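Counting in numbering that gives the first Met the number 0, the sequence shown runs from 0 upward without gaps. By construction, the Cβ of each residue, glycine as well, lies at the ideal position given by its N, Cα and C atoms. Note that the coordinates shown come from a computational prediction; the quantities given were computed from them, not determined experimentally. Report on the following structure.
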Amino acid sequence: MGRLEGKIILVTGASQGIGEQVAKAYASEGATVILVARHQKKLEKVYDDIVAAGYPEPFAICFDLLTAEEAEFGRFAVTVAEATGNKLDGIVHCASYFYALSPLDFQTVAEWVNQYRINTVAPMGLTRAFLPLLKESSDASVIFVGETHGEKPQAYWGGFGASKAALNYLCQVAADEWERFPNLRANVLVPGSVNSPQRMKTHPGEARNERKEYADIMPHFIWWSSTESKGRSGEIVYL
């Protein structure tokens, strides 16, 4: 049996990067994964890879976090509940939106709004919509994927860093509010320097051997979604 056997876990940003790797790692540990992204073809590829590997058949749902409003989040939660038989044991918020490193005077209001929409507002909207299902789970873990500059402000990180700082705040508010629910927990995992598409975009001069591989961080994600991490909540963890 895998360490996530029997669990149903939703992963956003599941069509590429860390989200794709988390989805595949969780499936390999026995979880039924709900793949969420806005790119249909990429999502189908991840779905096919999981099925071909002989892991539990996942669900694949296209959903645009950038444009979703209250009603869309609500309908999405209903769709998932109907598909899973009213069961959900966790969420991993991997979806991320990043423009480019630039000074504040080059950044626009629209760029800030869009980064907040994906990096902060969408995780709140999804978590809120799925909270009734999570409360019914005997062991539910919500993971927010953070970023170093969410705690350590630095020139040129502007809207992205600010939106990730807000994500840390969101997580700790949720953890505080859920203290009376021992079956619920929320934590931030900060992957650091990883060979992901986003890292290659922000640090093009880095050599590959200066960064971690996906395989180096997947055990941490699995642990924080498994029953082994029960009782740990409100933490910001650097991997």
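Rank 29, 25, 50 and 61 by C-alpha distance to the C-alpha of residue 42 and give the top, closest one. Closest in alpha carbon position to residue 42, among 29, 25, 50 and 61, is 61.
Can you tell me where the alpha helix (DSSP H) with residue 219 in it begins and where it stops? Per DSSP, the unbroken alpha helix (DSSP H) holding residue 219 starts and ends at 213-224.
How many whole angstroms separate the CB atoms of residue 142 and residue 220, which I take to be in contact at a CB cut-off of 8 Å? At roughly 7 Å, the Cβ-Cβ gap stays under 8 Å, so residue 142 and residue 220 are in contact.
Residues of its chain near residue 39, where Cβ-Cβ distance is below 8 Å and the 5 sequence neighbours each way are ignored: Close CB contacts of residue 39 within its chain, under the 8 Å cut and outside five residues either way in sequence, are with 61 (chain order).
Would you mind stating whether residue 232 and residue 174 have Cβ atoms separated by less than 7 Å? Yes, they are a contact pair.
Among 22, 9, 26 and 18, whose alpha-carbon lies nearest the alpha-carbon of residue 0? Minimum Cα distance to residue 0 is reached at 26.
On the criterion of 16 or more Cβ atoms from any shown chain inside 10 Å, does residue 186 qualify as buried, or is it exposed? Only buried fits residue 186, as 16 or more other CB atoms lie within 10 angstroms of its CB.
Assign residue 108 to buried or exposed, taking buried as 16 or more other Cβ atoms, counted over all protein chains shown, within 10 Å of its Cβ. It is exposed - the Cβ of residue 108 has fewer than 16 other Cβ atoms within 10 Å.
For the putative contact between residue 118 and residue 98, defined by C-beta atoms under 8 Å, what is the C-beta separation to the nearest angstrom? Actually they do not touch by this definition, with Cβ atoms about 11 Å apart.
Quick check: what's the CA-CA separation for residue 129 versus residue 146? If I take the Cα positions, the gap works out to 24 Å.
Taking 7 Å as the cut-off, decide whether the C-beta atoms of residue 31 and residue 92 are in contact. For residue 31 and residue 92, no; Cβs fall outside 7 Å.
Starting from residue 127, follow the alpha helix (DSSP H) in both directions and report where the run begins and ends. Unbroken alpha helix (DSSP H) run through residue 127: 121-135.
Contact set for residue 21: own chain, Cβ-Cβ below 8 Å, skip 5 residues either direction: 10, 13, 91, 93, 217 and 220, listed in sequence order.
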